[in-house]
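Numbering (UniProt numbering), first residue to last: 1 to 51. We put the beta carbon where it would ideally sit given N, CA and C, even for glycine. Note that the coordinates shown come from a computational prediction; the quantities given were computed from them, not determined experimentally. For reference, the structure discussed in these notes is given below.
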C-alpha cells in the first residue's frame, strides 16, 4: 500500500501577497543595515576631521 506524503495547506492569494510584502520589507531593511554599517566608518572619520 502506498502512502501519500502530508502536504501543507494551500495559501490563499492574500496570504501569498502578504508574505511577499513582508519578504520585500525584510530585504530592504537588511540592505539598509548593511549600507549603514559600510558607511559608518567614513562618517565617523569625517566627524573627527571636523572636530
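Between residue i and residue j, is the Cβ-Cβ spacing less than 9 angstroms?
i          : j          : result
residue 29 : residue 19 : no
Using the three-state DSSP reduction, which class does residue i fall into: helix, strand or coil?
i          : result
residue 41 : helix
residue 51 : coil
residue 11 : coil
Can you name, in chain order, every residue of its own chain whose Cβ lies under 6 angstroms from the Cβ of residue i, other than the five neighbours on each side?
i          : result
residue 47 : none
Residues in its own chain within less than 8 angstroms of residue i by CB, not counting five upstream and five downstream?
i          : result
residue 49 : none
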